[in-house]
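The structure appears below as structure tokens.
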Amino acid sequence: MIVFVMAIVLFLIGLYGVLVKRNVFKILIALSIIEYSVNLLFALIGYRRGGTVPILTEGTKAGTFFVDPIPQALVLTAIVIGLGTTALLAAVAVRLYEKYDTYDVRKIRKLRG
Amino acid sequence: MNWLPLFVAVPLGIAFLTPVLAKLWKGFPDIVGNLATGFLCLLSLWYLRFGQTTSVYYVGGWEPLNGMPLGICMVLDGLTVLMLLVVNVIGFLSTLYSISYMEHYTDKGKYYTLFLLMTTGLNGIVISGDLFNIFVFFEITAISSYALVAFGVEAEELEASFKYQVLGGLASSFILLGIALFYHLTGTLNLADASKVLTGKSASPVLYFIGVLFFIGFGLKGAFMPFHAWLPDAHPSAPAPISAMLSGVMIKVLGVYAMCRVFFNVIGMTPVILTTLMVLGTVSMVLGVFLAVGQWDLKRLLAYHSISQMGYIVLGIGLGTPLGILGGLFHLMNHTVFKSLLFLNAGSLEFATGTRNLKRMGGLKDKMPITHFTTLIASFSIAGLPPFNGFWSKLLIVMACIQAGHPVYAVWAILGSLLTLASFMKVMRYAFGGEGKTVWEHVREVPSWMCLAMIVLVVLSTTMGLLLIPSLKAAVLDPAVRVLSDGLSYAANVLGG
Numbered sequence: 012m013i014v015f016v017m018a019i020v021l022f023l024i025g026l027y028g029v030l031v032k033r034n035v036f037k038i039l040i041a042l043s044i045i046e047y048s049v050n051l052l053f054a055l056i057g058y059r060r061g062g063t064v065p066i067l068t069e070g071t072k073a074g075t076f077f078v079d080p081i082p083q084a085l086v087l088t089a090i091v092i093g094l095g096t097t098a099l100l101a102a103v104a105v106r107l108y109e110k111y112d113t114y115d116v117r118k119i120r121k122l123r124g
Numbered sequence: 003m004n005w006l007p008l009f010v011a012v013p014l015g016i017a018f019l020t021p022v023l024a025k026l027w028k029g030f031p032d033i034v035g036n037l038a039t040g041f042l043c044l045l046s047l048w049y050l051r052f053g054q055t056t057s058v059y060y061v062g063g064w065e066p067l068n069g070m071p072l073g074i075c076m077v078l079d080g081l082t083v084l085m086l087l088v089v090n091v092i093g094f095l096s097t098l099y100s101i102s103y104m105e106h107y108t109d110k111g112k113y114y115t116l117f118l119l120m121t122t123g124l125n126g127i128v129i130s131g132d133l134f135n136i137f138v139f140f141e142i143t144a145i146s147s148y149a150l151v152a153f154g155v156e157a158e159e160l161e162a163s164f165k166y167q168v169l170g171g172l173a174s175s176f177i178l179l180g181i182a183l184f185y186h187l188t189g190t191l192n193l194a195d196a197s198k199v200l201t202g203k204s205a206s207p208v209l210y211f212i213g214v215l216f217f218i219g220f221g222l223k224g225a226f227m228p229f230h231a232w233l234p235d236a237h238p239s240a241p242a243p244i245s246a247m248l249s250g251v252m253i254k255v256l257g258v259y260a261m262c263r264v265f266f267n268v269i270g271m272t273p274v275i276l277t278t279l280m281v282l283g284t285v286s287m288v289l290g291v292f293l294a295v296g297q298w299d300l301k302r303l304l305a306y307h308s309i310s311q312m313g314y315i316v317l318g319i320g321l322g323t324p325l326g327i328l329g330g331l332f333h334l335m336n337h338t339v340f341k342s343l344l345f346l347n348a349g350s351l352e353f354a355t356g357t358r359n360l361k362r363m364g365g366l367k368d369k370m371p372i373t374h375f376t377t378l379i380a381s382f383s384i385a386g387l388p389p390f391n392g393f394w395s396k397l398l399i400v401m402a403c404i405q406a407g408h409p410v411y412a413v414w415a416i417l418g419s420l421l422t423l424a425s426f427m428k429v430m431r432y433a434f435g436g437e438g439k440t441v442w443e444h445v446r447e448v449p450s451w452m453c454l455a456m457i458v459l460v461v462l463s464t465t466m467g468l469l470l471i472p473s474l475k476a477a478v479l480d481p482a483v484r485v486l487s488d489g490l491s492y493a494a495n496v497l498g499g
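These protein sequence lines map, in sequence, to chains A and W.
For the first sequence, our numbering assigns the number 12 to the initial residue and increments by one for each residue that follows.
For the second sequence, our numbering assigns the number 3 to the initial residue and increments by one for each residue that follows.
What follows is the structure in structure tokens.
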């Protein structure tokens, strides 16, 4: 139980970072923390104590207790997606610095209204 | 033979072909991109005849075993058919428009890659039958749209894209957290199977929490009122055909469609959720239009109107009665057509004059007759003047409000419509009316591909009211309405069929 609570705490830390931090890269890091906390929680939820690898072979007996592979597959996918979004966000952050000469989101304010 | 996977496979395959072909000859991306979206458009029209019943396609032939789904499945029902039509028709017209419009951007090959990836994601969300795939396609759509918003790499575009990415990333995390808890509760990610599991259980606090998480996630993606902050920045910053796709299609698929599918068909509608939808819809509708009236940037004004018109859709669907759902879904189709048209008009004005500021335009009526005419029709349509399509769907929503015993919402809907009319009178007055300014002496009408896309949309927005004729309504709208109003019978339809 305690690990689930810790994952939620990690999520909230990330949320705090996104909402409060002003530096573009700190926001990026906070978003990554959120992503990883969710991935962690999902992997924990998908864990089955005492289950075996879900591969059906010749010798597998009927009624064997398997771990459901879906959450693990989804977490793996989510990690890869997270890599993509982080890379794109970092690229945009670097371009933003070229245009505005600052990482402070309070000074990056050309759009109004 | 079931051709459903082609909706994902064709754009995904062509997407990575265009940058390679662009190296051979720079005309290839246009031809290949348009052929791909044109093919999808025809395919989605052909699929109209399959909307009456639910059919399921099992990827790789993994059929369910003893009622337990094993592999990935794609589901085709009335709502799916309607959304596929919306996505692919607008997708095709946007690529037609892009042929000339994207000339002043560099690297068309990569543009088409991103565009087709976005189409892949949108089609994928619509045809997926499980939350796993819906999440993956959500992210494909999101990443390609982040890149497309920043496509011009100017300061404003990067800023808008950054804001969009932070809020979009947050939304994805909320949705994934919701999916994790959903899996914890039901032990499956297949929507139909999960729905079957949930009907056997009593409502638990976890289910409410999941509902809230999905609400925040889909609400952020669909820009409902408290979550709308990114939209007026992101949509105007993208190139015009992308604005048309984002405002016309993306917020509806990511917001309205996903929310309807999860809440109506899987979790089951409760009066609490319906009331929340109605209140949020009304707030979006009224505040969006109030914020729009004061704008001078044409595309920003249109973006605020998107929030407002989304409010009508959510209000209609939130009424929960068949008439309300019909109004909501019909307005969804209509808004797709006229809002895409308006964004393309704004793109034409920007293409010809180089500005989006209404104060700097003026007297363009004689210089750009086709853009003037199409903008006029689109403005009538969005303001809800008969006989254009916006009138019929707004009328249905107002009638549904009164029929369901909520006359207050109907009054707000009419008020919102009047303010919309006022703000578009301003657009027509400042952009096209008045004396011809000397700076615009050299302005000419936009190239013919752009005109063609706009004229097709004008024809659509003039004639779409005919969809309410009983025989056409039974073919297009009724199956989709039935999917939502039958609610939880989705599981039986999918697993049984």
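Backbone N, C-alpha and C define an ideal beta-carbon position, used for all residues, glycine too.
Being a predicted model, the structure only gives us computed values, none of them experimental.
Shown here, Asp79(A) sits in coil according to DSSP, grouped into three states, outside any helix or strand. According to the DSSP secondary-structure assignment, Ser146(W) is paired through a beta bridge with no residue. Residue environment: Phe15(A) is assigned as exposed (fewer than 16 neighbouring CB atoms within 10 Å of its CB, all protein chains considered). Chain-order list of chain A residues neighbouring Phe134(W): Ile81, Ala84, Leu85 and Thr88, by C-beta distance under 9 Å. At a cut-off of 8 Å between beta-carbon atoms, Glu65(W) makes no contact with chain A.
Think of a sphere of 9 Å around the beta carbon of Ile145(W): the chain A residues whose beta carbon falls inside it are Ile92, Gly95, Thr96 and Leu99, in chain order. Taken through DSSP and simplified to helix, strand or coil, Val58(W) comes out as strand. The criterion of a C-beta distance shorter than 8 Å is not satisfied by Thr96(A) and Val138(W). In this structure, Val460(W) sits away from Thr338(W), with a CB-CB distance that is not shorter than 8 Å. Spatial neighbours of Leu191(W) in its own chain (CB-CB distance under 8 Å, excluding positions within 5 residues in sequence) are listed in chain order as Asp132, Leu133, Phe134, Ile181, Phe184 and Tyr185. Around Glu158(W), the same chain offers Ser239 as residues with beta carbons nearer than 7 Å, after the five sequence neighbours per side are excluded. Between Leu178(W) and Thr188(W), the beta carbon gap of about 16 Å keeps them out of contact (Cβ cut-off 8 Å). Interface residue (Cβ-Cβ distance to chain A less than 8 Å): Asp235(W) is classified as such. Contact residues of the region 163-190 of chain W toward chain A are Ser163, Phe164, Gln167, Val168, Gly171, Leu172, Ser175, Leu178, Leu179, Ala182, Tyr185 and His186 (C-beta to C-beta distance below 7 Å). In this structure, Leu317(W) places its C-beta atom within 8 Å of the C-beta atom of Ile399(W).
Distance check between Gly221(W) and each of Ala246(W), Ser197(W), Val208(W) and Val255(W) places Val255(W) closest, using alpha-carbon atoms only. Closest option to Leu479(W), judged by alpha-carbon separation, among Ile74(W), Gly489(W), Leu87(W) and Gly365(W): Leu87(W). Residues of the region 147-161 of chain W with a Cβ closer than 8 Å to any Cβ of chain A, in chain order: Tyr148, Ala149, Ala152, Val155, Glu156, Ala157, Glu158, Leu160 and Glu161. Using a CB distance cut-off of 8 Å, Glu69(A) does not count as an interface residue toward chain W. The CB of Glu141(W) comes closer than 7 Å to the CB of Ile92 in chain A, given here in chain order. With a threshold of 8 Å between beta carbons, Ile38(A) makes contact with chain W. Nearest neighbour of Ala41(A) by Cα position, chosen from Leu67(A), Gly61(A), Ala18(A) and Leu23(A), turns out to be Leu23(A). Taking 8 Å as the cut-off, the beta carbon of Thr121(W) is found closer than this to the beta carbon of Thr39(W). Burial check for Gly407(W): the Cβ neighbour count within 10 Å stays below 16, so the residue is exposed.
Boundaries of the alpha helix (DSSP H) around Val83(W): Gly80 to Tyr103.
Here Asn36(W) carries a helix assignment [DSSP, helix/strand/coil].
Taking 4 residues as the shortest admissible run, the region 123-177 of chain W contains the following complete alpha helix (DSSP H) segments, listed from N- to C-terminal end: 133-151.
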